[in-house]
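So the sequence lines, in the order shown, correspond to chains A and B.
In terms of the working numbering, the first sequence opens at residue -13 and continues consecutively.
In terms of the working numbering, the second sequence opens at residue -13 and continues consecutively.
Even for Gly, the Cβ is constructed at its ideal location relative to N, Cα and C.
Just below is one structure, and these are the notes that go with it.
There are 2 protein chains.
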Amino acid sequence: MVFEGSEKIIELGIKSGSPSLRELSYDFWQRVVASAGADIISHISNEDCDAYLLSESSLFVWPNRIRMLTCGATQLSNALVMLVEILGVDKIEYSTYQRKNEYQLQSEIRSFEQDLVQIKSVIPGKGYRIGHLDSHHHYLFMAETGQLLRPLKITELLMYHLTGELAQYFRSAMQTKSEIRRVLGLEAHFIGFKFDDHLFEPCGYSLNGIKGDKYLTIHITPQEKSSYCSIETNLDHEVLTSALLHQFVLQLKPERYDLIAFGCPLLEMEWVNELNTHSCSINTENGYDVHFKHIHQQHDLPFTEVL
Amino acid sequence: MVFEGSEKIIELGIKSGSPSLRELSYDFWQRVVASAGADIISHISNEDCDAYLLSESSLFVWPNRIRMLTCGATQLSNALVMLVEILGVDKIEYSTYQRKNEYQLQSEIRSFEQDLVQIKSVIPGKGYRIGHLDSHHHYLFMAETGQLLRPLKITELLMYHLTGELAQYFRSAMQTKSEIRRVLGLEAHFIGFKFDDHLFEPCGYSLNGIKGDKYLTIHITPQEKSSYCSIETNLDHEVLTSALLHQFVLQLKPERYDLIAFGCPLLEMEWVNELNTHSCSINTENGYDVHFKHIHQQHDLPFTEVL
């Protein structure tokens, strides 16, 4: 009934002194991506990073770190387990796995609880929930393999139920990649970035951007009943300002959005007619530092629906 | 991680002139209950109705109508399909199937979408959602077998995340059936009712009550992480007053509650510190009349949790 746009996300850092993850072959990454149920569509590289655009989201590979996002009914925990088994758990400095509460049961998908059992069978760590059980919440696994020596510095802006003109445009047959980049101001805001983007049939848009060791990834699933757009990046807050995030929110007019930050504070945005918000943080003994905020606006969506 | 206390509910009315459903044997109802994955624990009867207490909630059988509720990982749509197949779809005056959005994926359970395909294979009708997709919402199937000739007049009060002393008592080893009936004032409020109740191990309480063709059923799953209490009845609003419902809410102190009414208006309750509510109604061409309201209070629950 609804398309599950929310991405599951894995992140893994290896200890210094380990061989570079970028030396692993294209075939290797193809197998990792396939283990989650996705394919590689295209890839770009620069001196610091390889960025793969996937049939379901994205994979980024740095010398000592990978980050992979997959949406829909993918089983991303398989990829995490495969990586830990091949790299060796003693080489892992840190690892996280993130998954939003889904809109609907999909019998082919494991529950987070089942993912947790699978992941803990290869790497020690704990499961957490951030956000209220009855509202938007996200499940997190955070490995306990030692002290986190580098702040992750990731900001995720997850926007649900896009409304307004731009949301309509994303559903239209006229849309083009260049026009999407233009209306979102991507070249203007992310100067010097190399982009790789893809338009899906009948709709849906994915973009990877890299500049040095900085990445940006945007995924839009504009399907009427559960439209969604995620923007995430490791850009510093001098570039990724709250004004810039606010601009995306004003353009895409989500009914609700989640803001998640790892290793840096949440960027504060003011929004008129906020109905309700909740926020929380987790700081673990191993040095993980996670902040979450859920915001919702006036309700535009109908409260009843014929399925 | 959480116990899924919310009941799935089926309701089925047969056309006048059909043989009484009460003439069907105990063995027959045992098979119906087993098809959903539950067992009969005990039963009571009066001149109008048979009330079965189940390992997962309740079954009520009147001459021309049945209503069955099952909680947890039961597959109640099986029972509806079995009943329609045995009774004959041409004998069905009306039918509904109700299911709340679950807290978590359980791979052994079908999705509502899958239930809908199964149900529509034996009886025509439509699926609906009531409530916001991102908050509490309930899925409904309503059969389209003709015009609904009798108002259902059912009120459901569904209370989530019970707090305070009574919630603690429901989790304690000291609880007794008679004390639960006493503190909830059941004998005092529901005069002349015949009751049948059961205390589960290690916790959980179910009660059926009948008086003529009126029924009352209460189910409490007090488990800490997802405590829940449902009260539903077809009592007239002269007996089931908003003051009485309000008293239950004040005693059980749920963080959130849903009020659902079929064939009668919602009873209005005032509650201090309401944070947010939403409400909606469905009126179908066939004469189904459903009202829904979701209310939540201040947040007592932690926003983060270690799983």
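- Contact annotation for residue -3 of chain B against chain A: no contact, minimum CB-CB distance about 18 Å [criterion: below 9 Å].
- The Cβ of residue 147 of chain B sits closer than 9 Å to at least one Cβ of chain A.
- Taken through DSSP and simplified to helix, strand or coil, residue 12 of chain B comes out as helix.
- Here residue 154 of chain B is exposed: its Cβ has fewer than 16 other Cβ atoms, across all protein chains shown, within 10 Å.
- In this structure, the beta-carbon distance from residue 39 of chain B to residue -5 of chain B does not fall below 9 Å.
- Put simply, the segment 166 to 176 of chain B does not touch the segment 137 to 149 of chain B. Fewer than three CB pairs are less than 8 Å apart.
- Only buried fits residue 182 of chain A, as 16 or more other CB atoms lie within 10 angstroms of its CB.
- With respect to residue 105 of chain A, residue 59 of chain A sits apart: the two C-beta atoms are not nearer than 9 Å.
- Flagged as an interface residue toward chain A: residue 125 of chain B, by a C-beta distance shorter than 9 Å.
- The bridge partners DSSP lists for residue 68 of chain A come to none.
- Considered as a whole, the segment 222 to 291 of chain A harbours 240 to 248, 262 to 269 and 275 to 282 as its complete beta strand (DSSP E) runs of no fewer than 3 residues, in chain order.
- Taking 9 Å as the threshold, the shortest C-beta distance from residue 235 of chain A to chain B does not fall below it.
- With a threshold of 16 other beta carbon atoms within 10 Å, residue 283 of chain A meets it and is buried.
- At least one CB atom of chain A sits nearer than 9 Å to the CB of residue 113 of chain B.
- Residue 28 of chain A sits exposed, since fewer than 16 C-beta atoms from the chains shown fall within 10 Å of its C-beta.
- The alpha-carbon of residue 17 of chain A is positioned some 11 Å away from that of residue 64 of chain A.
- Contact residues of the segment 268 to 282 of chain B toward chain A are 268, 278 and 282 (C-beta to C-beta distance below 8 Å).
- Residue 248 of chain B places its beta carbon 9 Å or farther from that of residue 86 of chain B.
- Its chain contains 84 and 114 as the residues whose beta carbon lies nearer than 6 Å to that of residue 126 of chain B, once the 5 sequence neighbours on both sides are disregarded; these appear in chain order.
- Counting every other CB atom within 10 Å of its CB across the protein chains shown gives residue 220 of chain A a total of 16 or more, marking it as buried.
- Annotation: Cβ neighbours of residue 242 of chain A in chain B (cutoff 9 Å, chain order): 120.
- Taking the CA atoms as reference points, residue 173 of chain B sits about 42 Å from residue 263 of chain A.
- At a cut-off of 9 Å between beta-carbon atoms, residue 213 of chain A makes no contact with chain B.
- By alpha-carbon distance to residue 41 of chain B, the top candidate from B/30, B/177 and B/24 is B/24.
- In the DSSP assignment, residue 164 of chain B falls outside any beta strand (DSSP E) and within the unbroken alpha helix (DSSP H) covering 163 to 169.
- Under the Cβ distance rule, residue 134 of chain A does not count among the residues neighbouring chain B, no pair being separated by less than 9 Å.
- Residue-level contact by beta carbon holds for residue 97 of chain A and chain B, with a gap shorter than 9 Å.
- Within the same chain, and ignoring the five residues on either side of residue 192 of chain B in sequence, the residues whose Cβ sits closer than 6 Å to its Cβ are 39, 184 and 205.
- Within chain B, not a single residue places a beta-carbon under 8 Å from that of residue 57 of chain A; the smallest gap is close to 16 Å.
- Sorting A/1, A/229, A/110 and A/245 by C-alpha distance to the C-alpha of residue 216 of chain A places A/245 at the top.
- Scanning A/236, A/77, A/118 and A/235 for the CA closest to the CA of residue 3 of chain A turns up A/77.
- Not a single C-beta of chain B is nearer than 9 Å to the C-beta of residue 107 of chain A.
- Within its own chain, the residues whose Cβ lies closer than 6 Å to the Cβ of residue 197 of chain B, once the five positions on either side in sequence are excluded, are 178 and 179, listed in chain order.
- Residue 266 of chain B sits close to residue 116 of chain B, with the two beta carbons spaced by under 9 Å.
- Inter-residue distance for residue 129 of chain B and residue 71 of chain A is about 52 Å (C-alpha atoms, whole angstroms).
- In this structure, the alpha-carbon of residue 5 of chain B lies about 8 Å from that of residue 49 of chain B.
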